[in-house]
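Numbering (my numbering), first residue to last: 1096 to 1199.
Written out as structure tokens, the structure is:
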């Protein structure tokens, strides 16, 4: 029951992004069974910090999911999100494709 409320809050039920971020953090802390779905949904969130948290959360959860995040966020407007994708995917084989780290 508590997890269901946290999922709803994470998905735009609160106008306050800090409240939404706290809900995502609590789902991370609980290692919720709903977490993967929440994080995947948040890859297209209106708030760049939520998208960044989603990328970082998916990386923690497992390599296969970061491949999906890389596809969704490869042209993200936030440089921080793109950097997180590059860091997470650097050196990892992602399904049938391979992402090279950015050249600095």
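Yeah, the Cβ is synthetic: ideal placement off N, Cα and C, and Gly gets one too. Computed from a predicted structure; not experimentally measured.
Going by the CB atoms, is the gap between residue j and residue i shorter than 8 Å?
i: residue 1168; j: residue 1155; result: no
i: residue 1201; j: residue 1115; result: Outside the shown range of the chain, which is 1096 to 1199, sits residue 1201, and nothing can be said about it.
i: residue 1184; j: residue 1165; result: yes
i: residue 1144; j: residue 1112; result: yes
Using C-beta distances below 8 Å, list every residue in its chain close to residue i, excluding the 5 sequence neighbours before and after it, in chain order.
i: residue 1123; result: 1130, 1152, 1155
i: residue 1161; result: 1150, 1153, 1154, 1180, 1183, 1184, 1187, 1189
Just how far apart, CA to CA, sit residue i and residue j?
i: residue 1134; j: residue 1150; result: 7 Å
i: residue 1097; j: residue 1117; result: 13 Å
i: residue 1172; j: residue 1146; result: 11 Å
i: residue 1178; j: residue 1103; result: 28 Å
Can you give me the Cβ contacts of residue i inside the same chain, cut-off strictly under 6 Å, excluding the 5 residues immediately before and after it?
i: residue 1121; result: 1101
Classify residue i as buried or exposed, calling it buried when 16 or more other Cβ atoms lie within 10 Å of its own Cβ.
i: residue 1128; result: exposed
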